[in-house]
Structures are given as structure tokens and as C-alpha cells.
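Peer 1: Chains as they are written, first to last, in my numbering: chain F, 1 to 139; chain V, 1001 to 1381.
Think of the CB as a built atom: it goes at the ideal place given N, C-alpha and C, for glycine as much as any other residue.
Quantities reported herein were computed from a predicted structural model and do not represent experimental measurements.
Dropping the structure in here first, questions after.
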Amino acid sequence: MRMTLTALAFLSASATLAVAAPGPAQQAQLDTYATLAKAVDPAFAGFSAEHGKTLFLAKSTTGKPDTPSCTTCHTADPTKPGQTRAGKAIGPMAISMKADRYSIPAETEKWFGRNCDSVLGRACTPLEKGDFITFMVGQ
Amino acid sequence: MSMDRSTSHEPLAPARIIVWDRLVRIFHWGLVLAVTFAAATGFLFPPNWLDIHVISGAFVGCLIVFRVVWGWIGSTYARFRSFPVSLALLRQHVADIAAGGGTRHLGHNQFGGLMVYGLLAILALLTITGIVTLGGVVKQGPLAFATSFATGQSARQIHEILAIVTLLMLAAHLAGVAFESWRSGENLVRAMITGRKAAPSGPVEPLATARPFLAAAILTMLAALVLTATIHLSDLPARGVPPVALDPTYAKECGSCHLAYPPSLAGAATWSAVMADLANHFGENASLDISTTTQLENWLQANSAEHWDTRAANAFRIANPADPQRITATASWVRLHQDVPDAVFKSAKVGGKSSCSACHRDAAIGRFDPQQISIPREARP
Chain F
1 MRMTLTALAF
11 LSASATLAVA
21 APGPAQQAQL
31 DTYATLAKAV
41 DPAFAGFSAE
51 HGKTLFLAKS
61 TTGKPDTPSC
71 TTCHTADPTK
81 PGQTRAGKAI
91 GPMAISMKAD
101 RYSIPAETEK
111 WFGRNCDSVL
121 GRACTPLEKG
131 DFITFMVGQ
Chain V
1001 MSMDRSTSHE
1011 PLAPARIIVW
1021 DRLVRIFHWG
1031 LVLAVTFAAA
1041 TGFLFPPNWL
1051 DIHVISGAFV
1061 GCLIVFRVVW
1071 GWIGSTYARF
1081 RSFPVSLALL
1091 RQHVADIAAG
1101 GGTRHLGHNQ
1111 FGGLMVYGLL
1121 AILALLTITG
1131 IVTLGGVVKQ
1141 GPLAFATSFA
1151 TGQSARQIHE
1161 ILAIVTLLML
1171 AAHLAGVAFE
1181 SWRSGENLVR
1191 AMITGRKAAP
1201 SGPVEPLATA
1211 RPFLAAAILT
1221 MLAALVLTAT
1231 IHLSDLPARG
1241 VPPVALDPTY
1251 AKECGSCHLA
1261 YPPSLAGAAT
1271 WSAVMADLAN
1281 HFGENASLDI
1291 STTTQLENWL
1301 QANSAEHWDT
1311 RAANAFRIAN
1321 PADPQRITAT
1331 ASWVRLHQDV
1341 PDAVFKSAKV
1351 GGKSSCSACH
1361 RDAAIGRFDP
1371 QQISIPREAR
1381 P
């Protein structure tokens, strides 16, 4: 019994550890966004999960009226599945729940392009994208 | 074996003879059952009862074919020869009734005979127009390979008129039976159950010998022929339903927020309008890169509703000029769904008018068969 519990504790600890770090594909995207962010602002010193969270939860009035926030479709809990306005399920945004998130640059860019425009009425900056992914990597 | 164990051999009921043989009675009550089911499912029940409707219709057709064969080689009173219909005979019959007496008819009287022929004919026509409708409108059954939607729609209109005329004829039939039972003092409904009527005092018509084995042979051959043909013809690709699978890029890109609407659901103009405005797609940005947009637009144009002859393609081909991007705004879509309450569409289980697949289990392949309609239980009113 003790053995099992210890093993379980160890397993869950290592699982948490594994999730908290981005996988190689996600790291590659973060690196790309970091390079771009540095090009915009030479003082760039790394992404902030806190800023990513703020972006994710913020209410916006500058985008399209039906999509005031990222949470409109993704819900306020990144570990929960979301739903499109047409009623189709969206997998969770947290990589602990969906490990293949943010691993195909073309897909990630396509959705940032669409969703930032829908919610904010503008494109997201590389800094915002990096912050967002950093936040989701920790979830 | 003769079907007429008639005349006077049973000592207990010497005065009652078999008029309607067993097969005629089974035919009659089987037809009552099949027509009742067909009428109930056709007039009253929702379209997803179509299978039961078609099966009852097929039964009606089989019974009619049997009756025609039996009218030719069945027992005495089953034979068409025993109830000829002519204007002169009808006039005479009316005159007889008017005179207060009239001849007693062991088999069908003049009006009864006329009704039998009328019902056999109209039910045969109903069966035929039903199969044409099934083929042209629903793209199912043995005639789907050859029947256009337009032909199917015409058949459907005739089918519906014939169905109403049949109801009127059945009402007249019941009235006639009631009247004749009263007039002749003989319960005709019971006669159709027991098969017996009081023996006439005068001479009986010479008996014809039924040929049940010949009938069975003919019917078996017909059944084998029709069954084989039906199975083979039903397997042929339906007319106006090309075997086009969804383009994989389309399925992925246009299926991420909602059902990837099959291209047959809208006309080329609608698809152009949708693809030209993806950045403002129903309140969202759904834009794609130029090359993907062009690729999908070309594929949609090549497979739009103009290239299909399904009911859905015919219905939704014409866009609503006030809302040209929506399938659900077309006049036909609104008409087809007028009986579905708004609350059902708004329920969480359905998720809006655009969620075709919530209620149409075959929406993804663009078929929209009536049998596949099922409103989620939680959303039902």
C-alpha cells in the first residue's frame, strides 16, 4: 500500500513536471515568437504567463460584437473543453489536457490571426502570442 | 383442393354457404391493415416513419397483385367474372333498389363490384406513384437510378391527391356496406369474417374451381422477378447523386467551427459570397490564406447544388437575396422546418438552426434522408 502511494505520488509529480515544460514543437514556436518580440523591442526579457492570462480573460470592445473575449469560445478554464458559436466542441487550450496544442505553426498562426481579429479587432503581437502560449503551457 | 367447400354438406349450418374463401378474407383484412398503416404514417406521422410507410405500401402492392391473379383463377365469387360491371347493370341495380326490393347478390352487388375495381386500381396507382416519389424525391428504392427530382415531385403530388380520393372511396365503401347490410338484412362485415352468407332459395351460380397451386406458382415467379429486380435496381447509384466525397482540406478548414456543410446544400452564388467574405464570417474572422481560399472556392463551385438533383439541392439552390450566405435563410429551408418550434433550435442540445447534424444523422454526407431525422430527446417540445 505504502509502495503504491509513493509510486502514485512520484508518477503524478513527474507528470506535472513533464506538462509544465513545453515540448520541442511548442518550444520552437516560443523561440520564434521570442525572436520576433526581440526584433520589435530589444529590451524583451522573456514571456509572462501572467500577461497571457490577462489577455485570455480580458473583455474587449474593439473586436466583433459576438466575440468579446477569448473565453467566449474557450471558457474561462483552459483545462475545460470550449464550444464554437455554431455549437461544435473545442478541445481544451491547456497543454496538460491536450498535449498537441501549439505544435503546428501554421495552425497556431491561423487561429491567432482569426481569433485576435475577432476579439480585439487587430492582430496580436508576437509578445502577446508568446505570453499566451506560456500561460497555457503552465496550465 | 377446392376453395369452395360450399353448398350443403355441413349439417349445422345448412342454410349458410361459403361465399368469400379464406384467401379473399385474408386479402381483405390484410389490405385493411396495410392501408390503415400506410394512411396513418402518410397523413399523420412525421417523415422519419417513412420506412413503415414504404413497407405498408409494398404490402398493399403485393396484395393487389395477389387479388388480380385470384380474380382470374380463384374461387367462384372471387372471380372478376362473377361481378361484371356495366352501365346497364348499374342502372338496373339502381332501379331495383328504387323499386324497394331488388335482387339479392350472393357475391358483390353492382356498386360493391365497382368499388372493388376502383379500389384495386387506385391502390395500384398509389403504389406506383409511391415508388416513383421514393425514387425521385428521396433517392431511394428501385427507381432512384432513373427518376429525376422533378418527376418525383409530380408523382408525389399525384400520390397525395390519390390518397385523399382513396379516403373518400373508403368512406363510400363503409357507407355502402352499412346500407347494403341494412337493405339485405345480412351482416356483410360478419360475412367477410366468416366467409358465409345465407344460401339463396333459388338456383346457385355454377361453381368455378379455384386453382390455388397455379396461383401460387404465378405469384412465386412474380415475387422472384420483382424481388431480384428491386434488389439490383436499388443498388444502382441514384440519379443526380454523384459519388463525391468531401475534399479533405474542405472537411478540415470548413469543419472546425461547424459541420462541414456538404457543397450540395447551396448554389454557386452562395458559396462565392461565403468565400469572398471569410474575414467577416457570421460575426467572426474565418479567413484562410489565398491559395487555400481559391482551392476551396473552386471545389465548391464544381460541386455546388447545381450539380445535384437531391431534394436538399433542389430546395436550397436558390439563395435568399436578403441573406445570401445562409442555407437556413432560404425560403425552402424555412418552409421545410416550419413545424419545428424555435425553442427546439435554441436548445443547448441542438445549438442553432445551422447545426444540421444535431437533428439529421446523415447531414455530414449530404443525404438528409427522412428516416435519419431525429430531434435530440432533450430538445423535444
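#1: Just the C-alpha distance for V:H1093 and V:F1059, rounded to the nearest angstrom, thanks.
#2: Could you tell me whether the Cβ of F:D66 comes closer than 8 Å to any Cβ of chain V?
#3: Counting only C-beta atoms, is F:R101 closer than 8 Å to chain V at any point?
#4: Less than 8 Å between the C-beta atoms of V:T1328 and V:K1349, yes or no?
#5: At a CB distance below 8 Å, what residues from the region 118 to 131 of chain F approach chain V? Give them in sequence order.
#6: Where does F:A99 fall in DSSP's three states?
#7: Report the three-state DSSP secondary structure of V:G1352 (helix, strand or coil).
#8: V:R1211 by DSSP, collapsed to three states: which one?
#9: In this structure, does DSSP put V:H1307 in helix, strand or coil?
#10: Taking only beta carbons into account, state which residues of the region 1330 to 1363 of chain V come closer than 8 Å to chain F, listed in chain order.
#11: Are the beta-carbon atoms of V:L1265 and V:G1366 separated by less than 8 Å?
#12: Write down the C-beta distance between F:T134 and F:G52 rounded to the nearest angstrom, noting that I regard them as a contact closer than 8 Å.
#13: Within 10 Å of its beta-carbon, does V:F1179 have 16 or more other beta-carbons around it, so buried, or fewer, so exposed?
#14: Within 8 Å of any Cβ in chain V, is that where the Cβ of F:G91 sits?
#15: Are the CB atoms of V:G1134 and V:M1169 nearer to each other than 8 Å?
#16: Can you tell me where the alpha helix (DSSP H) holding F:K110 begins and where it ends?
#17: For V:S1374, go through chain F and note every residue whose CB falls closer than 9 Å to its CB, in chain order.
#18: Given a limit of 8 Å on CB to CB distance, which residues of the region 1256 to 1267 of chain V reach chain F?
#19: Is it buried or exposed for F:G205, if we count other Cβ within 10 angstroms and need 16 for buried?
#20: If I follow the unbroken beta strand (DSSP E) through V:I1017, where does it start and stop?
#21: Identify each residue in the region 1264 to 1297 of chain V for which the Cβ-Cβ distance to at least one residue of chain F is less than 7 Å, and report them in chain order.
#22: State buried or exposed for F:T35, treating a residue as buried only when at least 16 other CB atoms are found within 10 Å of its CB.
#23: Is the CB-CB distance between F:C73 and F:T61 below 8 Å?
Peer 2: Taking the definition as stated:
#1: To locate residue 1093 of chain V, count along the second sequence from 1; it is residue 93. To locate residue 1059 of chain V, count along the second sequence from 1; it is residue 59. Their Cα atoms are separated by approximately 34 Å.
#2: Against the first sequence, residue 66 of chain F aligns to sequence position 66. F:D66 counts as touching chain V.
#3: The residue labelled residue 101 of chain F in the question sits at position 101 within the first sequence. False, the Cβ-Cβ gap to chain V never drops below 8 Å.
#4: Taking the first residue of the second sequence as 1, we reach residue 1328 of chain V at position 328. Taking the first residue of the second sequence as 1, we reach residue 1349 of chain V at position 349. It is not a contact, given that the beta carbons lie outside the stated cut-off.
#5: S118
#6: What you label residue 99 of chain F is simply residue 99 of the first sequence in a count that begins at 1. Coil.
#7: As a first step, residue 1352 of chain V must be located in the second sequence, where it is residue number 352. Looking at V:G1352 - three-state DSSP - the assignment turns out to be coil, as it is neither helix nor strand.
#8: Taking the second sequence and counting its residues from 1, one reaches residue 1211 of chain V at position 211. If DSSP states are grouped into helix, strand and coil, V:R1211 belongs with coil.
#9: Looking up residue 1307 of chain V in the second sequence gives position 307. Three-state DSSP puts V:H1307 in a helix.
#10: V1350, G1351, G1352, S1354, S1355, A1358
#11: Translated into positions along the second sequence, residue 1265 of chain V becomes position 265. Translated into positions along the second sequence, residue 1366 of chain V becomes position 366. Yes, these two residues count as a Cβ contact at 8 Å.
#12: Taking the first residue of the first sequence as position 1, residue 134 of chain F is located at position 134. Taking the first residue of the first sequence as position 1, residue 52 of chain F is located at position 52. At roughly 5 Å, the Cβ-Cβ gap stays under 8 Å, so F:T134 and F:G52 are in contact.
#13: Here residue 1179 of chain V corresponds to residue number 179 of the second sequence, with the count starting at 1. Its Cβ having fewer than 16 others within 10 Å, V:F1179 is exposed.
#14: Here residue 91 of chain F refers to the residue found at position 91 of the first sequence. No, because no Cβ of chain V sits closer than 8 Å to the Cβ of F:G91.
#15: Position 134 of the second sequence, counting from 1, holds the residue named residue 1134 of chain V. Position 169 of the second sequence, counting from 1, holds the residue named residue 1169 of chain V. Looking at the sequence provided, one finds Leu at residue 1134 of chain V rather than Gly. No, the pair does not count as a contact, with Cβ atoms beyond the cut-off.
#16: Position 110 of the first sequence, counted from the first residue, corresponds to residue 110 of chain F. Looking at the DSSP string, the run of the alpha helix (DSSP H) that includes F:K110 is 105 to 120.
#17: On the second sequence, position 374 is the one that residue 1374 of chain V refers to. Chain F residues near V:S1374: none, gap ~16 Å exceeds 9 Å.
#18: S1256, C1257, H1258, L1259
#19: Because chain F here runs from 1 to 139, residue 205 of chain F falls outside it and cannot be looked at.
#20: What you label residue 1017 of chain V is simply residue 17 of the second sequence in a count that begins at 1. Looking at the DSSP string, the run of the beta strand (DSSP E) that includes V:I1017 is 1016 to 1018.
#21: G1283, E1284, N1285, A1286, S1287
#22: By one-based count along the first sequence, residue 35 of chain F stands at place 35. Result: exposed.
#23: In the first sequence, counting from the first residue as 1, residue 73 of chain F sits at position 73. In the first sequence, counting from the first residue as 1, residue 61 of chain F sits at position 61. Contact: no.
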